[in-house]
Structures are given as structure tokens and as C-alpha cells.
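Protein chains in written order, with our numbering: chain A, 396 to 715; chain B, 319 to 642; chain C, 128 to 424. Beta carbons: idealized from backbone N, C-alpha and C, even for Gly. See structure below.
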Amino acid sequence: MSDPLLSVRNLHVTYATEAGPVPAVRGVSFAIERGGSLGLAGESGCGKSTLANALLRLLPAGAEVTGEVVLDGRNVLTLNPGGLRAVRWTAGAIVFQGALHALNPVQTVGDQIVEPMLVHQTAGSAKAAMAKAADLLGRVGLAAGLADSYPHQLSGGQRQRVLIAMALACDPLLLIADEPTTALDLMVQAQVLALLDELKRERNLTLMFITHDLSVLTYACRHLAVMYAGRIVEEGPGWEVFGAAAHPYTRGLAAAFPTIGDPASRLAPSGLGGDPPTPGKLPSGCPFQPRCPLAQEGCAAAEPELRPAGPERSAACILV
Amino acid sequence: MHPGVTPLVEVDDLHVHFGRSRAVDGASLRVYPGEVLALVGESGSGKTTLIRVIQGLQTPTAGTIRLEGSRRDRSSRRAIQTIFHDPAVQMVFQDPTGALNPRQTIYEIVAEGLRIARSGGDERHKVLDALSRAGLRPPERFLPLYPHEISGGQRQRVVIAGAMVLEPRLLLADEPVASLDASIRGEILALLRRLVAETGLAILAVTHDLGLAWNIADRVAVMYLGRIVETGPAEQLLGDPQHPYTKALLSVVPETREMEQQILVGEIPDSTRIPSGCRFHPRCPLLQSGTLPSAVAERCRGADPGILPPHAVRAAACWAVTST
Amino acid sequence: MTSLAMERRRATVARVWRQFRISRQGTIGLAILGVFILLAVAAPLLADVRELNPVFARGQGNPQWGSPGDFGPLGTDHIRRSVWTQFVWGSRVSLFVGLAATVLTILIGSVVGIVSGFVGGRLDGVLMRLTEWFLVIPFLPLAIVLASVLGRSVWNIIFVIGITSWPSTARLVRAQVLTVKQRLFVDRARSLGAGGGHIVLHHVLPNVSGLILANATLAVPISILTETTLSFLGLGDPSAASWGKTLEEAFVNGAIVRNAWWYFLPAGLGILAVVLAFTLIGRTLEEIANPRLSRRR
Chain A
396 MSDPLLSVRN LHVTYATEAG PVPAVRGVSF AIERGGSLGL AGESGCGKST LANALLRLLP
456 AGAEVTGEVV LDGRNVLTLN PGGLRAVRWT AGAIVFQGAL HALNPVQTVG DQIVEPMLVH
516 QTAGSAKAAM AKAADLLGRV GLAAGLADSY PHQLSGGQRQ RVLIAMALAC DPLLLIADEP
576 TTALDLMVQA QVLALLDELK RERNLTLMFI THDLSVLTYA CRHLAVMYAG RIVEEGPGWE
636 VFGAAAHPYT RGLAAAFPTI GDPASRLAPS GLGGDPPTPG KLPSGCPFQP RCPLAQEGCA
696 AAEPELRPAG PERSAACILV
Chain B
319 MHPGVTPLVE VDDLHVHFGR SRAVDGASLR VYPGEVLALV GESGSGKTTL IRVIQGLQTP
379 TAGTIRLEGS RRDRSSRRAI QTIFHDPAVQ MVFQDPTGAL NPRQTIYEIV AEGLRIARSG
439 GDERHKVLDA LSRAGLRPPE RFLPLYPHEI SGGQRQRVVI AGAMVLEPRL LLADEPVASL
499 DASIRGEILA LLRRLVAETG LAILAVTHDL GLAWNIADRV AVMYLGRIVE TGPAEQLLGD
559 PQHPYTKALL SVVPETREME QQILVGEIPD STRIPSGCRF HPRCPLLQSG TLPSAVAERC
619 RGADPGILPP HAVRAAACWA VTST
Chain C
128 MTSLAMERRR ATVARVWRQF RISRQGTIGL AILGVFILLA VAAPLLADVR ELNPVFARGQ
188 GNPQWGSPGD FGPLGTDHIR RSVWTQFVWG SRVSLFVGLA ATVLTILIGS VVGIVSGFVG
248 GRLDGVLMRL TEWFLVIPFL PLAIVLASVL GRSVWNIIFV IGITSWPSTA RLVRAQVLTV
308 KQRLFVDRAR SLGAGGGHIV LHHVLPNVSG LILANATLAV PISILTETTL SFLGLGDPSA
368 ASWGKTLEEA FVNGAIVRNA WWYFLPAGLG ILAVVLAFTL IGRTLEEIAN PRLSRRR
């Protein structure tokens, strides 16, 4: 695609631990066009949260990051601290999971939305910032009067909306949503997804949606990428990947979200055996091979690269 | 659906109030041997409080619970004071990591129930058998391990083994797979269905996940703000929901495509301020559409549809449904 | 307990010991404590107890206020008794009283804390008011009153310290019990039919014992210091030699004015060393139990 807003090339993230270096992200590449949306699906240990934080260099000091992350023409990984600050929140912002600890418990919600505006001086005066905060609260479906509340006074759904408002405070181009609906009820989840969709259209936002809930992604994003053991193992248009997966892992993952009304899954729960691999202790060859129902001779020998599996689709499996 | 069969559990007109908060505000249901009943609802619906009462972890404010015919009216003072426990009812918890004492070995964890019940017999044999039936093989390998040395899915299997070792007739499952990785959920759910087939166990599973209900439930009951608002066989309820709340829930489940999304406005009201009339009426899309005859709409706003009769095969607490 | 469980327990103890040996502060603390325990145990071999009797000392022809150069490793005091003998035999009393008083404190504090935290309700209220009552009363006046009422003996001192120190342990233990009570595995035990006794024994105690142990190792130096204080104030057992008593006699008889440093310095340094040893051991145990504490360094 021409001029993608976010272009990631061969990203590697390795943590330094007492037990030695642990690779959490092992060569991930993807791109999101301006105004587009990408969903990143994966379970615990696949590296998706590490990836999200790496995009804005939010990882702790011991993490080694190599590769290229080009956001709006600038390589985030090589920016100096001043340049990095300029990019954070104004070019790309993250919406975290709205659990109680994502917000400062001793600051009002309004102050927390105003904070990035003051830090980046995007609002002019403090008064203008507060007005904008009130406006943002309204935009995410909350009463402006809630600006004076503390996080513990709000419900889970309300806190999630506050986090969205915070992320939009400096009018970013890219919104990275890291598990934004995970702890929420079904109906609230639907509300938040609808809100993200509206905001995306309104502001021509580019959206990157990270979650373990594959079914949510098919609704929220045009393109889908599935991560396993630090790598992307399948990508393609959302519905196709979910409905007719090329990679056996994606198929196993999709089975956890049965379509209601589909007789094939009625009283027939299906899933994968074993457990998701721990980073740093990956099996040889294809990391999925110990759990794969279609594993063959060559699978333990070498790790397959992404290969084309249809128009705009690819999967990292030798059977493709 | 179950003519003449004595239900395992009979809950009648159960109320659980915490001060002014009415967590369970009149619920009646039946669970029959060999069936899986899914109790579906969002947070604040009272579903977790309800099964905690059945398990004996929570004393009710009013109402009766009958286990296999014997009557235990647990609103009386004496009943509250005695420790209610029936080994025929066991529980599987949402958070398998939290449910296991980090200082106990797997052997001790699974054997705990046997020791408390002082059941004789070969303890080690029973523990190995339970672990094996829960899918942990070879079971000997797991005996000396501590919870932090096994994976999340394995921990949940240990919880299940610990419950099954007492040969229960009813298993209460509180969001049994919600904390587990998505790809392994199917295995645990398949295990539960297998246990039902092998032992004639009944399962009452509390969940917010309608897909889970589709996967394993024979019957479904939907809860909203302390009341059961609809019950019925799973295919019927999930395929052709009658209560507007059930319809709205199904419409927003990403996996159901045929329905047009009905996203409700606002959130579930606080359980201290339950709306008058039908408790769902302030958010009811059917009422808001204006298509209901005014007599029905009046009742929605003013009259409580009441508690669903537990014997009914298919029922919905909705004036629009009962008025046709 | 099954043999499997015993094996795992042994492995845990071995692991803790290994981590302890690696820690520098732990080894130092243990070494210092070891020296003093050896001193206390070997007292009869190191110093003649008869030297504590002033009549005997006079009969021996000891000098008065003899400095270490004139007599023995630590000189003599105002009534010709060997200071070294007082130091060695005094270590016995100080250590014994410190440990025994701590045992009493921990016992009362833990029982109150566990019962109060676990049972809750009105009993909790009553016990907590009792605890607060003891906390609020100024320690020294209470100790003085008790000592004068009960009489001055080693056992009474142990009792006085125990009776006045248990409240803080009780509150700490109660707080931990409240946390453990909320844990899901306690719910699970209840759902398996466990009664209160089983839950306390198998779930509360194992998850509270670490805290109690850490609290105990830090309570010992406090007890020792308390004994020292009471003895210094003249409330100690007049027939028993203790470091506190040594300090009192040194002070009262003008050792400071006379510059007879050999009289009060050894006892003071002894107390310092033992308190330091227990503090180091206690901190090391805390770090082993909670590895996050050590990583901050």
C-alpha cells in the first residue's frame, strides 16, 4: 500500500531476565494504511501487548528492541527523547484495558484527560484544555459533569470510555486499543465497540485493535493478524480469517467462539490441547507443532515463514 | 421436559439482599439430573450470588432451596448457623489460580474434600482416578507439584478433579473457562460434557458467554437485575429469543450475524434502585419502539411481571410476550 | 502428612537455607547470633559464676575498679566482681528473656489475631478493643506497676514484656488473616465442607506463618531491649546478672564519671550486636519470603 500510516518491519523485542534473554516478539512486520484498521489476535504469551507497547517505546529499560517502526513518516525506534515525546499521544496513542489500575486513583478523571494536553501543549491554555476535556467526555458518551469524579466512582464501562477520551486528547492519528473490552459485559462491550467505530469514522482515525477475542475483531476491523509465539502466523481480511482459517492455530482459536445457531458446534465444544507456549521455551521448528492436529514430519524441523494463502492472505504453515 | 423426575435442586422465590441492594430479587429454578443448565447474565444480574447460595457460601434473605427432595429452609436463624454442606453439590470456580492454595501440593488439594468428608477407602487411588478423569495424565506426575508449576488449564482441571473426587450429583460452575486462554476453553468444556455423559452429573453453569451456552447447555435461563427473565431449551431460547433483553444480548454477540444489532443504552441499574414495573422497561427497545399497544405499555411501566414459574418449559417475564 | 508432602517441605527448607547462605546480611546476622549463643551456652566454661558474688570476689582479692589491663579481659566493677563474668552470664539472661518473652508475645498475639480476624463479628470487636487498650496504655508505667506488684524475678519480667507487646503482633496477624479469609481457596475449602477449624489449620495458618516468623525475629530484639530497659530501671531480678543490670549498676555507681568504660561498654555493645543480628536475620527472611524486596537493591 502507498504511504501507510504505520509500517512495522522485522520487529524483535527481547527481554533480559535472570534466566537469560527471552524473545517476546520475533520478527513481526505489518502495515496499516491511513484510515484503516488492523486487528491483532493472540493469547497469553504471544507477544501482542509487548508489540503494542514497543510501537511507542513504552517497554521497560531491560527490553531490547530492533527493527523499524515508521509512524507518520518517522521511525519511532530511532527518535531522540524530544522527538519521541512529540510523537507519543499526538501521533499515536494507546487505549489500555479499563481495569481500575489504568487510571490514577487519586486524580479526578477530568484532570487525567487534561494532563496529556498540558504536557504536549496542544490546547493553548489550561482553561481551553478543560473545555476540551469536557467536550471529549461528551463525545465518548459521558456526562461532562463526570470530570470531577474519581475512577473508583465510575463503572467499568465508564472507565473504559474515559481511557478512550484520554487517548484522543491530543488528536492522534493512530489509536492502539490494547484489550479495551476484555473485562466488560457483553452489552457494554458492544457500546464501546460502536463508539470506537463512530470515532474512527468521524476523525478518520487509524485503528489497531489488540485482543484475544477473535470474534470481536471480525466486527471491529477490516484486516486481521493472528499472533502465536511472538510471530504473526496468519493475516487477511477479518471475516475470511475467522470463517475459513488457513492456519490450524487460527482454526483452533476460532472454535472457542462458536457461531450461535451453527449445528456443527451445538453440544460439541472443540479446542486445542496443550497450552500456549512460554516465550523463551519454544519448541523446535514450528512453535505450534506440539499442539497441531495436522502436524507432520517436517514441522519440527524448521519454522515456516508466512506464505500466500489467497488474495491478500497469508499463513505461516507448510500445509498452505 | 422432565416429567416425573425429581429435580436435583429446587429453588423457590429466593431473595438475597445486602442492605438495600437486592442482588437476587425473587428467583425460582429447577435443575434436573443429567442436564446442563446455563445461567446467563451480565454483571449485576445476581447469577453468581444465586449459585453461591446453592453451594452454601451465602445465606439467603428469604426463599427455600431443596436438594434432592429434602427441604432446607435456609432463611431461619438455625439454618444459617449450621454449616450447610452437601457433598453432592460441588463447585468449580472462575479463577483456578486463586482457587488453589499455593502452599498445598496437587495431591493435598484433590484429597482435601475426601479428608474433610472423612470418607474411607484408598485415598491415593481416588485422587489418581479423579486426576485422570479430569484429563491430567499420567496422574502420578502431578501429585507432588504445586499450583504455580502447572498451567492455567491444568489448574482448572485440578479444581474439577477436586470436585469430582467426591462424586457429586450437581456441579456448580462459576464462569468455568472465562479466565482461561481461548484456545483451550473447548477442551475444558468438552471435559464437562463428558463428565455429564459418564456420571449422570448435572451442571449449573453461570456465564456471560452465550457461545458457551450454545456449546454445552441443554437449557438456558437468562437473568437480569436479580430475576430470571427467560428460560427455555437452549436451541429455542438462543434461536428464537422472546424476551427483549435476551434478543438484545444475542444481537450484540459478535458471533451471531443474522440479527440486527440492538445496542441498549446505558448500563444495568444499581441493585439498590430497581425500576418499577418491569425492571427492564427503561432500557427496553420494544417499549421504546412505540409499537406496543398502550395497554401493554402501561403494564410494562407499572406492573411487575413476577417470578417465572420454575416448572415451565419455556417462559419469559415480559408483558408483550404474555399478552399475545 | 504424606511422605510426598514431607519431601516438598524439606525441599522448601533446603531452598530457604540456601538463599539465606547467599545473602551477606543474613550470614553476618547468623554469625553474630551464633557467637553470642555460644557465649551464653558455654558460660560455665568461660567464667566462674561464683565471681558474681561480691563476697567471693572480695575473698579473691580482686581490685576495685580494676581496668582490663589490671584484671581479666574486662576488668572489675565497684564491688570487685569480674566484668567479664557479668558479661558472659548476663548474655544468658538477656537472650533467654528476649526469646521467652517473644514466644509469649507471639503466642498471645497470634491466637488473638487469628481468632479475631477469622471469627469476626462481636468477638472481633471485643478483642480489638482489648488490644487497643493495651496499645494505648503507656508501656513504662504499666511495666513498672506490674513489676512492683508481681515482684522482681526473671519470670515476671518475661510475663511483663509478653503482656505488653502482644497487641502489635495481634493487629498484624489479624490483618493478614482478613486478607487470607477473602481468598478464593478458602471459599473452595468451605464448598468442600470444611469447618472453621480445618480452614484455620490448613489454609489460614500456612499463609500467616511466614508473617508470624518474620514478626518474631524482629520482636526478639525489642524484647531484649525492653528487658534491658526494665533492668536498667531497677525492676529486674536482683539475683540474676543481665546486661541491663550491668548498665544500671555502672550508671548508678558512677562508672561514667570514673571513666571506667570497661564496665558499661561491653554490655551496651553486646545488646547492640544481638539486636543487630536479629534485625539482619529478620530482614533476610523477609526478603526470601518476598523476593520483590531484594530486587530493589
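Between residue 284/C and residue 354/C the beta-carbon gap is near 6 Å, inside 8 Å, which marks them as a contact.
Annotation for residue 340/B: the continuous beta strand (DSSP E) segment containing it runs 339-349. When DSSP reads this structure, residue 403/A sits in a beta bridge with 425/A, 464/A. Against chain B, the beta carbon of residue 438/A has neighbours under 7 Å at 499, 500, 501, listed in chain order.
For residue 635/A, the closest of 710/A, 626/A, 531/A by C-alpha to C-alpha distance is 710/A.
In terms of beta-carbon proximity, residue 320/C lines the interface with chain B, with at least one pair separated by less than 8 Å. By the Cβ test, the stretch 284-299 of chain C is in contact with the stretch 219-238 of chain C, since at least three Cβ pairs between them sit closer than 8 Å. A straight-line Cα-Cα distance of about 21 Å links residue 585/A and residue 357/B. At a beta-carbon threshold of 7 Å, none of the residues of chain B lie near residue 343/C; the nearest stands roughly 19 Å away. Under the three-state reduction of DSSP, residue 361/B is assigned to coil, being neither helix nor strand.
Non-local C-beta neighbours of residue 448/A in its own chain, meaning closer than 7 Å and more than five positions away in sequence, comprise 454, ordered along the chain.
For residue 334/C, the secondary structure class from DSSP, reduced to helix, strand or coil, is helix. The continuous beta strand (DSSP E) containing residue 604/A extends over residues 601-606. For residue 251/C, none of the residues of chain B pass the 7 Å Cβ criterion, the least Cβ distance being about 17 Å. At least one beta carbon of chain C lies nearer than 8 Å to the beta carbon of residue 416/B. The beta carbon of residue 312/C falls within 8 Å of a beta carbon belonging to chain B, placing the residue at that interface. With a cutoff of 8 Å on beta-carbon distance, residue 418/A and residue 409/A are scored as near each other. Residue 659/A counts as exposed, since fewer than 16 other beta carbons sit within 10 angstroms of its beta carbon. Per DSSP, reduced to three states, the secondary structure at residue 240/C is helical. In this structure, the beta-carbon distance from residue 605/A to residue 630/A does not fall below 8 Å. For residue 209/C, the pairing in a beta bridge is given by DSSP as 203/C. The residue from 548/B, 323/B, 495/B, 487/B with its alpha-carbon nearest to that of residue 363/B is 548/B. Boundaries of the alpha helix (DSSP H) harbouring residue 564/B: 562-570, taken from the DSSP string.
With respect to the C-alpha of residue 606/B, the residue from 562/B, 639/B, 326/B, 365/B having the closest C-alpha is 562/B. Comparing C-alpha distances from residue 464/B to each of 524/B, 417/B, 615/B, 578/B shows the shortest one belongs to 417/B. Taking the C-beta atoms as reference points, residue 644/A is found no nearer than 8 Å to residue 572/B. Annotation: the continuous alpha helix (DSSP H) that includes residue 269/C extends over 266-277. Residue 626/A has 623/A as its beta-bridge partners, per DSSP. Less than 8 Å separates the beta-carbon of residue 414/B from that of residue 477/B. Taking 9 Å as the cut-off between beta carbons, the residues of the stretch 359-373 of chain B near chain C are 370, 373, in sequence order. Taking 8 Å as the CB threshold, residue 586/A lines the interface with chain B. Fewer than three beta-carbon pairs drawn from the stretch 560-567 of chain A and the stretch 473-481 of chain A are found closer than 8 Å, and the two stretches are therefore not classed as touching. Out of 567/A, 537/A, 571/A, the CA that lies nearest to the CA of residue 557/A is found in 537/A. Under the 10 Å beta carbon count, residue 383/C is surrounded by fewer than 16 other beta carbons and is classified as exposed.
Rounded to whole angstroms, the Cβ separation of residue 609/A and residue 436/A is 5 Å, and the two are in contact under 8 Å. When secondary structure is reduced to three states using DSSP, residue 625/B falls in the coil class, being assigned neither helix nor strand.
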